[in-house]
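Below you'll find the structure, written out as structure tokens, and then a few comments.
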Amino acid sequence: MRKWKKTSAALMAAVLAAASMLGGCGNAASETAQSGTTAQEASVSQGTEDGTEAGTEAAGTGSTKIADGDVTLTIFCDFQTAARAYYSDLGENPVVQKISEDTGLKFEFIHAPVGDDGSYFQQLLASGDLPDLMYTNLFQTTYPGGVEGAISDGVLYNVTDLVEQYAVNFKNLCEESGDPDVQKKIRGDEGNIVKFGTTWLPPTDNNKIFNGLIVRQDWLDKYNLEAPVTLDDYTNVLRTFKENGVQIPLALCEFNQAQFSANNPIASAFDVSIKEFDLDDDGNVHYSRTQDGYKEFLKVLKQWAEEGLIDTDFVSRTIDDSLKLFQNGTAGMCFAHTYNVKQSVTAGAAVDPEFKLTSCVLPRVNADDTTHMSKITGSINSYSWQVAATSKHPEEAVKFVDYLMSPEVMLLTAWGTNEGDEKTYTEGADGTREFTEFVTENPDGLDYDTVRSLYMCSPFQIKYDETMEAAQYALEECHQSWDAWGTKNDDKHTLPGYLTLTTEESKELTQIKTKLANYSDEMVYRFIFGEEDLESGWDGFVAQLKELGSERAEEINAAAYARYEARE
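Laid out in structure tokens, this is it:
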């Protein structure tokens, strides 16, 4: 476990110097950098005067006061669709009002419109007028250089010193995680904390594989079949379905569906991902679509397409589309999330009383093979709270986010205030909570999700609640999905999601990946459906990918991976 320590004066000076150099990049950037430098220097100065021990002592007194009504934090965060019909913004939520009362902070909210694809945030970023706090993954996933790039550009405040001084709850969560690599995951290549306030997972959710393939168990029973394990088993099951009149034996979805491509069903049998850069046993980086294993993956799908075991419509089908086909009896197998398993048990039975499902071990060449390409859930994800460099209240912002991570407040955001006539939960003598009928059978006819959106506060919920998660996945079929999808299946050969690219690397890699996708996405489908001959066309396909920069992209990812591995 890495010790919590202050960022060196030399590193801090370097960040400030980088920010001050933005004056030639336009007025907005210059003003942001200048304001960020001022705020950073003021905070570091105050931290030195107060001292880390004094700050920790104050945090440990039990007082939740951060201000006296004289500080307003502007916040960019999610706002549930169901709540928008009742509230103008998150500030009308009773949990938020309770938090404001407890902390002495005032809040103003900025929310993206319903259905936003990230464009709203990009416009906000371009304006240079950023809110104090932002809960987003877009700095991590789209900003050149990631969070540390935004710090260097004077867009984001480097919260490292303040987190190490004041964020007692965050440090506790890190230590309690039991993850030996937690410090590598929350920090960037420069050692700065870049994932402050990421969403933490309870035992029910942590270190599990939540996505895989599901099949009609009642049909397996009907045709005397076992749940498939090997690719030959899968082919036999799908053929049997086809022979017995199943319209779509396997309802695949298009390959750019995020959960599908993150878990790589079928492709993982050949130790390749569907469209990403992968690791081998020696830690070398490869672009999956240039590997021999990818050709073998395409051969399987080509064979299934020729036999009518998959249909041509999958190239434009979403995961939800395939689930509907599975639930209504059109398809015998599809890709799903564990929550979809729960949904399908009910939805399928409504169409066919005989409906039963089971989750399948992800396909592999040999039954005892281990696959290495599925996404295992973990607490450190791409989302985190970021403080704008222009914020006049960085210290209060950090204290507020850490306040959200206290055990009491995590219960508050998960279960509601339970005040007034609208009681949302009951609590047993052992502390166990259950939702009241006001939530589960609302007297005003509001559905469960709407009630939770109105009386709980998931946008401020730093950790999923263990009681809720255990209840949500209580079905035997849900637990069986984890057992099946986790069978000899790990993420050993996936690139960690914690890599940081430099600004230059980010720009170059984005350009290369765009070219690779523009060419190969269509070609992959053409190979599957025989529009391009796989045997004669494969070498040319790989050569073209290399011409478009796949090897240079491998080098960039390899450098980022080496820096990640070198983090302390």
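Mapped onto mature numbering (1 follows the signal peptide of the UniProt record, and there is no 0), the consecutive letters of the sequence shown carry residue numbers -28 to -1, 1 to 540. Heads up, the beta-carbon is just placed ideally off N, CA and C, and yes, glycines get one too. If you're wondering where the values come from, they're calculated on a predicted model, not measured in any experiment.
Leaving aside the five residues that flank residue 468 on each side, the residues in its chain whose CB is nearer than 7 Å to its CB run, in chain order, 536. Residue burial annotation: residue 315 is exposed, with fewer than 16 other C-beta atoms found within 10 angstroms of its C-beta.
The straight-line gap separating the alpha-carbon atoms of residue 169 and residue 308 is approximately 28 Å.
As DSSP reads the structure, residue 258 sits in a beta bridge with 250.
In the DSSP assignment, the residues bridged to residue 184 are 308.
With a 10 Å radius around the Cβ and a threshold of 16 neighbouring Cβ atoms, residue 367 comes out buried.
Annotated as proximal: residue 70 and residue 384, with beta-carbon spacing under 9 Å. Taking C-alpha positions only, residue 167 is separated from residue 352 by approximately 8 Å. A distance of 9 Å or more separates the beta carbons of residue 530 and residue 484.
Taking a C-beta distance under 9 Å as the contact criterion, residue 269 and residue 223 do not qualify as a contact pair. Residue range 154 to 158 is occupied by the alpha helix (DSSP H) that includes residue 157.
Given a length threshold of 3 residues, each whole run of the beta strand (DSSP E) inside the region 379 to 403 is given here in chain order: 397 to 399. In the three-state reduction of the DSSP assignment, residue 539 falls in the coil class. If you draw a 10 Å sphere on the C-beta of residue 95, you find fewer than 16 other C-beta atoms in it, and that means exposed. Around the beta-carbon of residue 343, 16 or more other beta-carbon atoms lie within 10 Å, marking it buried. Annotation for residue 449: the continuous alpha helix (DSSP H) segment containing it runs 448 to 457.
CA-to-CA, the gap between residue 252 and residue 322 works out to about 45 Å.
In this structure, the CA atom of residue 272 is about 24 Å from the CA atom of residue 196.
Within a 10 Å sphere around the beta-carbon of residue 129 sit 16 or more other beta-carbons, which makes this residue buried. Per the DSSP secondary-structure output, residue 461 pairs in a beta bridge with 343. Taken in chain order, the unbroken stretches of beta strand (DSSP E) that lie wholly in the region 47 to 97 and span 3 residues or more are 77 to 82. In the three-state DSSP reduction, residue 325 falls in the coil class, being neither helix nor strand. Secondary structure of residue 107 (DSSP, three-state): strand. Boundaries of the beta strand (DSSP E) harbouring residue 405: 405 to 407, taken from the DSSP string. One thing to note: residue 165 has its Cβ no nearer than 9 Å to the Cβ of residue 127. By the neighbour-count criterion, in which a residue is buried when 16 or more other Cβ atoms sit within 10 angstroms of its Cβ, residue 150 is exposed. Pairing residue 41 with residue 63 gives a Cβ-Cβ distance that is not under 9 Å. As far as DSSP is concerned, residue 192 takes part in no beta bridge. Taking each of 217, 318, 158 and 419 in turn and checking the Cα distance to residue 135, the smallest one comes out for 158. When DSSP states are grouped into helix, strand and coil, residue 289 belongs to the coil group.
Assigned with DSSP and collapsed to three states, residue 331 falls in strand. It is roughly 25 Å from the alpha-carbon of residue 408 to the alpha-carbon of residue 72. By the criterion of a C-beta distance shorter than 6 Å, residue 200 is surrounded in its chain by 206, 209 and 332, once the five residues flanking it on both sides are discounted.
Partner residues in the beta bridge of residue 336, as assigned by DSSP, are 202. Secondary structure of residue 296 (DSSP, three-state): helix. Residue 221 sits in a strand when the DSSP states are folded into three classes.
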